[in-house]
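Notes to accompany the following structure.
Residue numbers (the working numbering): 958 to 1169.
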(Lines of atoms letter the chains of each structure in order from A and count residues from 1; the text may use other names and numbers.)
(Lines give C-alpha, C1' and ligand atoms only; values in the text may rest on other atoms or scores of the structure.)
Protein backbone atom coordinates (compact mmCIF):
# COMPACT_ATOMS: atom_id res chain seq x y z
CA UNK A 1 0.00 0.00 0.00
CA UNK A 2 1.39 3.39 -0.97
CA UNK A 3 2.58 5.55 1.92
CA UNK A 4 1.70 2.89 4.48
CA UNK A 5 2.82 3.88 7.97
CA UNK A 6 2.44 1.39 10.81
CA UNK A 7 3.21 2.35 14.40
CA UNK A 8 3.95 -0.32 17.01
CA UNK A 9 3.71 0.93 20.57
CA UNK A 10 2.47 0.62 24.10
CA UNK A 11 1.14 3.83 25.69
CA UNK A 12 3.22 3.21 28.83
CA UNK A 13 6.53 3.30 26.99
CA UNK A 14 8.91 5.46 25.00
CA UNK A 15 6.34 5.01 22.27
CA UNK A 16 4.91 8.28 23.55
CA UNK A 17 7.88 10.02 21.95
CA UNK A 18 7.19 8.51 18.55
CA UNK A 19 3.47 9.22 18.92
CA UNK A 20 4.20 12.90 19.42
CA UNK A 21 6.44 12.93 16.36
CA UNK A 22 3.77 11.19 14.28
CA UNK A 23 1.22 13.77 15.37
CA UNK A 24 3.63 16.56 14.36
CA UNK A 25 3.99 14.93 10.94
CA UNK A 26 0.25 14.65 10.57
CA UNK A 27 0.32 11.75 8.10
CA UNK A 28 -2.17 8.91 8.56
CA UNK A 29 -0.74 5.98 10.50
CA UNK A 30 -2.00 2.65 11.75
CA UNK A 31 -1.33 2.12 15.47
CA UNK A 32 -0.75 -1.39 16.73
CA UNK A 33 -0.81 -1.62 20.52
CA UNK A 34 1.35 -4.38 21.96
CA UNK A 35 1.46 -5.93 25.42
CA UNK A 36 4.80 -6.35 27.16
CA UNK A 37 4.48 -10.00 28.11
CA UNK A 38 2.67 -11.32 25.05
CA UNK A 39 2.46 -9.65 21.64
CA UNK A 40 5.68 -7.69 22.12
CA UNK A 41 7.55 -10.99 22.37
CA UNK A 42 5.63 -12.89 19.68
CA UNK A 43 7.42 -14.05 16.57
CA UNK A 44 5.38 -11.67 14.42
CA UNK A 45 6.70 -8.62 16.23
CA UNK A 46 10.21 -10.00 16.74
CA UNK A 47 10.40 -10.10 12.95
CA UNK A 48 9.90 -6.32 13.06
CA UNK A 49 12.18 -5.62 16.03
CA UNK A 50 14.26 -8.56 17.33
CA UNK A 51 14.76 -6.65 20.57
CA UNK A 52 11.09 -7.11 21.36
CA UNK A 53 10.79 -3.48 22.38
CA UNK A 54 8.67 -0.55 21.27
CA UNK A 55 8.32 1.78 19.54
CA UNK A 56 8.91 0.81 15.96
CA UNK A 57 7.51 2.09 12.71
CA UNK A 58 7.23 0.46 9.33
CA UNK A 59 6.99 2.99 6.51
CA UNK A 60 6.54 1.75 2.97
CA UNK A 61 7.91 -1.61 4.04
CA UNK A 62 11.00 -0.21 5.79
CA UNK A 63 11.45 -0.64 9.54
CA UNK A 64 12.83 2.01 11.86
CA UNK A 65 13.39 1.45 15.59
CA UNK A 66 14.86 3.64 18.36
CA UNK A 67 13.05 6.85 19.21
CA UNK A 68 15.72 9.29 18.08
CA UNK A 69 16.05 7.47 14.76
CA UNK A 70 12.27 7.46 14.30
CA UNK A 71 12.14 11.21 14.92
CA UNK A 72 14.97 11.93 12.48
CA UNK A 73 13.58 9.53 9.89
CA UNK A 74 10.08 10.99 9.93
CA UNK A 75 11.44 14.52 9.62
CA UNK A 76 13.29 13.47 6.47
CA UNK A 77 10.44 11.32 5.13
CA UNK A 78 8.02 14.26 5.31
CA UNK A 79 10.21 17.27 4.45
CA UNK A 80 7.20 19.44 3.70
CA UNK A 81 6.46 19.57 7.44
CA UNK A 82 9.68 21.47 8.13
CA UNK A 83 10.68 19.33 11.09
CA UNK A 84 14.39 19.25 10.23
CA UNK A 85 16.66 22.25 9.66
CA UNK A 86 18.27 22.81 6.29
CA UNK A 87 21.24 20.44 5.85
CA UNK A 88 23.75 23.25 6.36
CA UNK A 89 22.17 24.09 9.73
CA UNK A 90 21.94 20.65 11.29
CA UNK A 91 24.93 20.69 13.63
CA UNK A 92 22.94 21.47 16.80
CA UNK A 93 20.06 19.33 15.54
CA UNK A 94 22.16 16.17 15.33
CA UNK A 95 24.32 17.05 18.32
CA UNK A 96 21.53 17.44 20.86
CA UNK A 97 19.24 14.79 19.41
CA UNK A 98 21.90 12.11 19.78
CA UNK A 99 23.49 13.52 22.94
CA UNK A 100 20.14 13.14 24.67
CA UNK A 101 19.53 9.68 23.16
CA UNK A 102 23.02 8.55 24.18
CA UNK A 103 24.81 10.05 27.20
CA UNK A 104 21.75 11.57 28.88
CA UNK A 105 19.60 8.45 28.73
CA UNK A 106 22.55 6.23 29.71
CA UNK A 107 23.32 8.44 32.71
CA UNK A 108 19.71 8.45 33.89
CA UNK A 109 19.43 4.68 33.48
CA UNK A 110 22.68 4.08 35.36
CA UNK A 111 21.49 6.25 38.24
CA UNK A 112 18.15 4.43 38.32
CA UNK A 113 20.02 1.13 38.65
CA UNK A 114 22.17 2.49 41.43
CA UNK A 115 25.34 2.78 39.34
CA UNK A 116 27.48 5.86 39.94
CA UNK A 117 30.85 5.68 38.15
CA UNK A 118 33.88 6.76 40.13
CA UNK A 119 36.39 9.20 38.67
CA UNK A 120 38.31 6.52 36.77
CA UNK A 121 35.14 4.90 35.45
CA UNK A 122 33.83 8.26 34.28
CA UNK A 123 36.69 8.40 31.79
CA UNK A 124 35.41 5.18 30.22
CA UNK A 125 31.67 5.84 30.40
CA UNK A 126 30.38 7.86 27.47
CA UNK A 127 28.13 9.89 29.75
CA UNK A 128 30.84 10.63 32.30
CA UNK A 129 28.47 11.34 35.16
CA UNK A 130 24.81 12.23 35.51
CA UNK A 131 25.73 15.69 36.75
CA UNK A 132 27.94 16.35 33.72
CA UNK A 133 25.30 15.07 31.30
CA UNK A 134 22.54 17.19 32.82
CA UNK A 135 24.73 20.29 33.06
CA UNK A 136 25.51 19.91 29.38
CA UNK A 137 21.86 19.35 28.49
CA UNK A 138 20.94 22.45 30.45
CA UNK A 139 23.42 24.46 28.40
CA UNK A 140 21.63 23.28 25.25
CA UNK A 141 18.19 24.57 26.24
CA UNK A 142 18.86 27.46 28.62
CA UNK A 143 17.15 30.60 27.40
CA UNK A 144 15.85 28.89 24.26
CA UNK A 145 12.44 27.92 22.98
CA UNK A 146 14.01 25.34 20.64
CA UNK A 147 17.14 23.26 20.95
CA UNK A 148 18.37 23.69 17.36
CA UNK A 149 17.97 27.10 15.79
CA UNK A 150 14.99 29.42 15.85
CA UNK A 151 12.23 26.95 15.00
CA UNK A 152 10.78 23.72 16.28
CA UNK A 153 12.32 20.51 14.96
CA UNK A 154 12.32 16.75 15.49
CA UNK A 155 15.16 17.28 17.97
CA UNK A 156 12.73 19.12 20.22
CA UNK A 157 10.38 16.13 20.16
CA UNK A 158 13.10 13.86 21.48
CA UNK A 159 14.94 16.26 23.79
CA UNK A 160 11.67 17.72 24.98
CA UNK A 161 10.21 14.29 25.69
CA UNK A 162 13.20 13.23 27.77
CA UNK A 163 13.11 16.43 29.82
CA UNK A 164 9.32 16.36 30.16
CA UNK A 165 9.37 12.71 31.23
CA UNK A 166 12.30 13.24 33.59
CA UNK A 167 10.65 16.17 35.34
CA UNK A 168 7.39 14.26 35.65
CA UNK A 169 8.91 11.11 37.13
CA UNK A 170 11.76 12.67 39.08
CA UNK A 171 14.64 11.22 37.06
CA UNK A 172 15.71 14.76 36.13
CA UNK A 173 15.89 17.26 38.97
CA UNK A 174 13.92 20.45 38.33
CA UNK A 175 15.94 23.32 36.96
CA UNK A 176 14.50 26.62 35.69
CA UNK A 177 15.94 26.05 32.19
CA UNK A 178 14.38 22.59 31.94
CA UNK A 179 11.02 23.78 33.27
CA UNK A 180 10.86 26.74 30.88
CA UNK A 181 11.82 24.65 27.84
CA UNK A 182 9.34 21.88 28.63
CA UNK A 183 6.52 24.30 29.42
CA UNK A 184 6.71 25.85 25.97
CA UNK A 185 6.67 22.50 24.20
CA UNK A 186 3.68 21.26 26.17
CA UNK A 187 1.57 23.91 24.44
CA UNK A 188 2.05 22.38 21.00
CA UNK A 189 -1.20 20.97 19.59
CA UNK A 190 0.54 17.77 18.45
CA UNK A 191 1.93 17.21 21.95
CA UNK A 192 -1.54 17.62 23.41
CA UNK A 193 -3.10 15.28 20.84
CA UNK A 194 -0.48 12.61 21.47
CA UNK A 195 -0.91 12.82 25.24
CA UNK A 196 -4.68 12.64 24.93
CA UNK A 197 -4.43 9.49 22.81
CA UNK A 198 -1.92 7.72 25.04
CA UNK A 199 -3.57 8.78 28.28
CA UNK A 200 -6.85 7.46 26.94
CA UNK A 201 -5.26 4.13 26.10
CA UNK A 202 -3.64 3.93 29.53
CA UNK A 203 -7.02 4.59 31.18
CA UNK A 204 -8.57 1.82 29.12
CA UNK A 205 -5.82 -0.61 30.13
CA UNK A 206 -6.17 0.28 33.79
CA UNK A 207 -9.94 -0.09 33.64
CA UNK A 208 -9.46 -3.53 32.13
CA UNK A 209 -7.13 -4.44 34.97
CA UNK A 210 -3.92 -4.67 32.94
CA UNK A 211 -0.82 -2.59 32.44
CA UNK A 212 0.39 -4.20 29.27
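Even for Gly, the Cβ is constructed at its ideal location relative to N, Cα and C.
Bear in mind that the values here come from a model prediction, so they are computed numbers and not experimental data.
Between the Cα of residue i and the Cα atoms of the options, which residue gives the shortest distance?
{"i": "residue 976", "options": "1158, 1165, 1162, 1106", "result": "1158"}
{"i": "residue 1147", "options": "1019, 1110, 1049, 1090", "result": "1110"}
{"i": "residue 1037", "options": "1013, 1021, 983", "result": "983"}
{"i": "residue 1143", "options": "1035, 1127, 1122, 1160", "result": "1122"}
{"i": "residue 994", "options": "986, 980, 1011, 1005", "result": "1011"}
{"i": "residue 1009", "options": "1017, 1020, 1095, 996", "result": "996"}
{"i": "residue 971", "options": "1074, 1002, 1116, 1141", "result": "1116"}
{"i": "residue 1090", "options": "1070, 1058, 1077, 1140", "result": "1058"}
{"i": "residue 974", "options": "1024, 1071, 1092", "result": "1024"}
{"i": "residue 1108", "options": "1000, 1040, 999", "result": "1040"}
Give a yes or no on whether 7 Å exceeds the smallest Cβ distance from residue i to chain B.
{"i": "residue 969", "result": "The displayed structure is made up of one protein chain only, and chain B is not part of it."}
If I measure Cβ to Cβ from residue i and keep anything under 7 Å in the same chain, skipping five residues before and after, which residues do I get?
{"i": "residue 1042", "result": "1050, 1105, 1106, 1110"}
{"i": "residue 1150", "result": "980"}
{"i": "residue 1034", "result": "1016"}
{"i": "residue 1164", "result": "none"}
Please list, in chain order, all residues of the same chain as residue i whose beta carbon is under 6 Å from its beta carbon, the five residues on each side excluded.
{"i": "residue 1097", "result": "1053, 1104"}
{"i": "residue 1114", "result": "977, 978, 1028"}
{"i": "residue 960", "result": "none"}
{"i": "residue 1022", "result": "1006, 1013"}
{"i": "residue 1160", "result": "none"}
Given this structure, state the Cα-to-Cα distance separating residue i from residue j, to the nearest angstrom.
{"i": "residue 1067", "j": "residue 1154", "result": "30 Å"}
{"i": "residue 1120", "j": "residue 1129", "result": "7 Å"}
{"i": "residue 985", "j": "residue 1046", "result": "29 Å"}
{"i": "residue 1018", "j": "residue 1118", "result": "27 Å"}
{"i": "residue 1095", "j": "residue 1048", "result": "17 Å"}
{"i": "residue 958", "j": "residue 1002", "result": "Below a pLDDT of 50, predicted positions are generally treated as unreliable, and residue 958, at 40, falls in that range; no measurement from the model is reported."}
{"i": "residue 1139", "j": "residue 1072", "result": "27 Å"}
{"i": "residue 1145", "j": "residue 962", "result": "23 Å"}
Check the DSSP bridge columns for residue i and list the partner residues they point to.
{"i": "residue 1002", "result": "Note: residue 1002 sits in no beta bridge, so no partner."}
{"i": "residue 1019", "result": "1016"}
{"i": "residue 962", "result": "1016"}
{"i": "residue 987", "result": "963"}
Examine the Cβ distances between the region 1093-1111 and the region 1129-1140 and report whether three or more of them are shorter than 8 Å. yes
Using 8 Å as the threshold, is the region 990-1007 in touch with the region 960-967, meaning 3 or more CB pairs across them? yes
Would you call the region 1047-1066 and the region 1078-1098 touching, i.e. three or more CB-CB distances under 8 Å? yes
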